[in-house]
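Residue numbers (this note's numbering): 337 to 884. Down below is the structure, laid out as structure tokens.
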Amino acid sequence: MKTERVKEFPMKDQLFNDYIEAFDKVSDFFTFDPKEEESFQRRMETMVPKPFEQRKELVASLTAYNRSLGCSHKVLRNIKKLKEKDTFAVVTGQQAGIFAGPLYSIYKAAAVISLSKHIENETGKTVVPIFWVASEDHDFQEVSSVFVPGKSTKTEKISVLKPYANNISVGNLPLPKDIDDAIENYEKLTLEDKYKEKWMEIIKSAAYGSGSLADWFARLMSALFSKYGLIFFDSMDQHGRDFSKSIFLAALQNHDEINHVLTDNKHELTAKKYTPQLEWDSQTLPFFLNTPEGRFSLVKEDDHTYTANDPSKTCFSKEDIESEIDKKPGRFSPNVLLRPMVQDHILPTVAYAAGPGEIAYYAQLKNIYPVFQQEMPVIFPRLSATIIDEDMTEALNIFDLSIEELFYDHDDHLKNYLHSKEPFSIEKRFDEIKQIFENYYNHLGNDLVEIDEDLKTLSEENFGRIRHQIEYLENKTKQKHRRNEKKAVQLYENLKENLLPKGNPQERMFTVFPYLFRLDQAFLDAVTDIQPDQYFQHIALLVGDDKN
């Protein structure tokens with residue numbers, strides 16, 4: 337598999353563009369420049385080593401969890417390394433989606449594997465890759481659907497129905513009753529390929545051996561990346577919750593300060609013409625209360641009283657919440673604002689591999705970290721890519737397109753191609769005919785005025801009907817021409833839909849398995865071999881068959 341840089345790529349906001357291309361413009365919002373190699377060493381030097389007892393419990397918890405996923409010996413060896421105080425981690429995370437989620441989840445995993453090797457080589461320190469499975473997230477809509485490139489130009493959507501009511505963490509959701517239908521549809525709608533049977537069996541066995549949606553996601557991701565030593569961490573892990581007591585307490589006790597910091601940061605971002613991505617309610621604590629009915633926010637009523645946004649509207653004093661955090665930390669889970677602090681409190685995070693949206697979130701958090709006696713790690717962009725197979729490459733050549741041109745003016749490219757295949761210029765010829773008739777009728781109208789003024793108006797109406805008939809014939813001619821070029825039109829539509837399915841980046845829509853059906857593990861080998869310096873640009877992955 338070859339890679340090519342894509343110089344222009346749509347769907348990115350200005351803050352992210354500046355982050356990867358002009359870091360000086362956004363340096364006030366981040367602690368480390370990801371392009372400076374010394375950033376990793378500096379981050380390591382300022383990190384406070386995790387206590388041995390915490391590392392020991394973390395290793396025990398990670399070992400049990402990853403073994404339950406069917407991990408490799410390489411994963412277990414990497415987990416064992418975390419006992420040592422000078423072992424660091426490159427971390428990423430994602431919500432637990434069906435069929436392992438969109439391609440960007442795969443690119444995140446590949447990024448931490450490659451980046452951990454890179455940092456280890458640069459610093460001489462031991463660095464392991466860790467994937468944070470966001471199993472406590474309750475946004476079911478976000479994880480319940482995937483798209484696949486169908487057997488025609490159509491992009492196919494596959495969804496599962498929600499098993500229970502709102503606000504339930506996906507880690508607590510059993511597999512939906514229609515999971516068999518979803519898997520059957522996935523198999524039916526995807527193209528047949530050499531390794532499809534193998535990977536469909538992995539999909540099925542992972543699902544039928546799972547107790548929840550999050551478990552299915554983690555089992556699939558482990559099957560994909562265990563070979564490379566990728567460690568998985570369950571965000572609902574009880575040991576992690578126990579470790580996080582101090583973070584929840586600090587968030588409660590410093591709620592007002594956190595609001596002030598976020599407000600000041602928002603003003604700074606908007607002053608530089610950036611749009612803040614992280615929305616927050618100043619009256620709501622940055623963590624949830626977990627109940628049997630789901631996850632609910634805690635809303636501040638006054639300095640000493642909070643109300644749970646659950647059906648019962650239960651009231652808590654500040655002292656009640658402090659006591660619950662101390663005795664039952666599992667009753668609480670962080671929101672998007674607090675999750676990075678919880679994550680970095682549990683794990684020795686030297687760097688975090690983030691997508692464009694996450695980098696925008698992190699731009700609002702730099703001054704939140706000191707509230708928790710922490711420092712923002714190196715925020716490194718994840719791999720961003722578009723897969724271009726042999727059929728797409730053939731289409732590029734036929735239409736004489738560059739990779740950059742693919743992302744813009746699709747219909748103009750097709751129009752120009754069809755025009756080049758016309759036996760004569762259809763549009764020009766019909767424009768000439770319309771002009772001839774218009775000239776004749778203008779002269780005729782001037783002559784008719786001498787007989788009766790109304791005849792000029794009648795001639796204009798008559799010409800309008802003639803023009804309409806000419807345009808009707810023109811459209812029919814163009815339709816016949818397009819029909820004659822049906823194969824080219826089909827090829828172009830397929831190219832367009834595979835490039836930006838439903839107008840969205842491929843990495844946000846398609847899953848990895850259609851590419852594994854064709855290329856097997858070689859696809860993942862190639863993706864994990866992409867070097868981190870290529871993460872600062874969107875790249876095209878040019879793939880062939882398994883012999884290349």
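Just so it is clear, CB atoms sit at the ideal spot from N, CA and C, and this is done for glycine as well.
inquiry  = Check this for me: beta carbons of residue 466 and residue 376, under 9 angstroms apart or not?
reply    = The residue labelled residue 466 in the question sits at position 130 within the sequence shown. The residue labelled residue 376 in the question sits at position 40 within the sequence shown. It is not a contact, given that the beta carbons lie outside the stated cut-off.
query = Beta-carbon separation of residue 620 and residue 633 under 9 angstroms?
reply = Numbered from 1 along the sequence shown, position 284 holds the residue referred to as residue 620. Numbered from 1 along the sequence shown, position 297 holds the residue referred to as residue 633. Yes. Within cutoff.
request  = Could you give the DSSP three-state label for residue 626: helix, strand or coil?
outcome  = As a working note, residue 626 is residue 290 in the sequence shown. Strand at residue 626.
CB of residue 531 within 9 angstroms of CB of residue 855, strictly = Here residue 531 corresponds to residue number 195 of the sequence shown, with the count starting at 1. Here residue 855 corresponds to residue number 519 of the sequence shown, with the count starting at 1. Inclusion of residue 531 and residue 855 in the CB contact set at 9 angstroms is warranted, their separation being smaller than that value.
8 angstroms contact criterion, which residue 702 and residue 366 should meet: CB distance rounded = On the sequence shown, position 366 is the one that residue 702 refers to. On the sequence shown, position 30 is the one that residue 366 refers to. Indeed, because the Cβ distance is near 6 angstroms, the residues count as touching under 8 angstroms.
key: Same chain, Cβ closer than 7 angstroms to residue 571, five either side skipped, listed in chain order   = Locating residue 571 in the sequence shown gives position 235, counting from the first residue. Same-chain partners within the cutoff: 468, 469, 470, 471 and 472.
message = Assuming contact is defined by CB atoms lying nearer than 9 angstroms, are residue 522 and residue 504 in contact in what I supplied?
response = Start at 1 with the first residue of the sequence shown, and residue 522 comes out as number 186. Start at 1 with the first residue of the sequence shown, and residue 504 comes out as number 168. Judged by beta-carbon spacing, residue 504 lies beyond the 9 angstroms limit of residue 522, meaning their Cβ atoms are not closer than that value.
inquiry  = In whole angstroms, give me the CA-to-CA distance for residue 631 and residue 625.
reply    = Taking the first residue of the sequence shown as position 1, residue 631 is located at position 295. Taking the first residue of the sequence shown as position 1, residue 625 is located at position 289. Taking the straight line from one Cα to the other gives about 6 angstroms.
query = Between residue 655 and residue 640, is the Cβ-Cβ spacing less than 9 angstroms?
reply = Stepping through the sequence shown from its first residue, residue 655 is reached at position 319. Stepping through the sequence shown from its first residue, residue 640 is reached at position 304. Taking 9 angstroms as the Cβ cut-off, residue 655 and residue 640 qualify as a contacting pair.
query = Looking only at C-alpha atoms, which of 474, 400 and 549 sits nearest to residue 513?
reply = As a working mapping, residue 513 is identified with position 177 in the sequence shown. Answer by Cα proximity: 549.
query = Ends of the beta strand (DSSP E) at residue 688?
reply = What you label residue 688 is simply residue 352 of the sequence shown in a count that begins at 1. Here the beta strand (DSSP E) through residue 688 covers 685–690.
Buried or exposed (CB count within 10 angstroms, at least 16 for buried), residue 497 = Working through the sequence shown from its first residue, we reach residue 497 at position 161. It counts as exposed.
key: Which of helix, strand or coil DSSP assigns to residue 492   = By 1-based counting over the sequence shown, the position of residue 492 is 156. Residue 492 falls in the strand class under three-state DSSP.
Expected contact under 8 angstroms - CB spacing of residue 622 and residue 665 to nearest Å = For the purposes of this step, residue 622 is identified with residue 286 of the sequence shown, where counting begins at 1. For the purposes of this step, residue 665 is identified with residue 329 of the sequence shown, where counting begins at 1. So it is not a contact: roughly 15 angstroms between Cβ atoms.
query = When DSSP labels each residue in this structure, what does residue 621 get in the three-state scheme?
reply = Position 285 of the sequence shown, counted from the first residue, corresponds to residue 621. It is a strand residue.
Cβ-based neighbour list, residue 724, same chain, cut-off 6 angstroms, excluding 5 preceding and 5 following = Residue mapping note: residue 724 aligns to position 388 of the sequence shown, counting from 1. Short of 6 angstroms from the beta carbon of residue 724, and not among the five residues preceding or following it, lie these beta carbons of its own chain, in chain order: 876 and 878.
inquiry  = DSSP three-state label for residue 642, please.
reply    = The residue given as residue 642 occupies position 306 in the sequence shown. Correct three-state label for residue 642: strand.
inquiry  = Helix, strand or coil for residue 874? Go by DSSP, reduced to three states.
reply    = In the sequence shown, residue 874 corresponds to position 538, counting from 1. Three-state result, residue 874: strand.
query = For residue 429, is the classification buried or exposed, using 16 other Cβ atoms within 10 angstroms of its Cβ as the cut-off for buried?
reply = Indexing the sequence shown from 1 puts residue 429 at position 93. By the neighbour-count criterion, in which a residue is buried when 16 or more other Cβ atoms sit within 10 angstroms of its Cβ, residue 429 is buried.
query = Given a threshold of 16 other Cβ atoms within 10 Å of its Cβ, counted over all protein chains shown, does residue 761 qualify as buried or as exposed?
reply = Locating residue 761 in the sequence shown gives position 425, counting from the first residue. It is exposed - the Cβ of residue 761 has fewer than 16 other Cβ atoms within 10 Å.
key: residue 354 versus residue 341 - alpha carbon distance   = Here residue 354 refers to the residue found at position 18 of the sequence shown. Here residue 341 refers to the residue found at position 5 of the sequence shown. Rounded to whole angstroms, residue 354 to residue 341 spans 18 angstroms at the Cα level.
key: Status (buried if at least 16 other CB within 10 Å, exposed otherwise) for residue 388   = To locate residue 388, count along the sequence shown from 1; it is residue 52. It is exposed - the Cβ of residue 388 has fewer than 16 other Cβ atoms within 10 Å.
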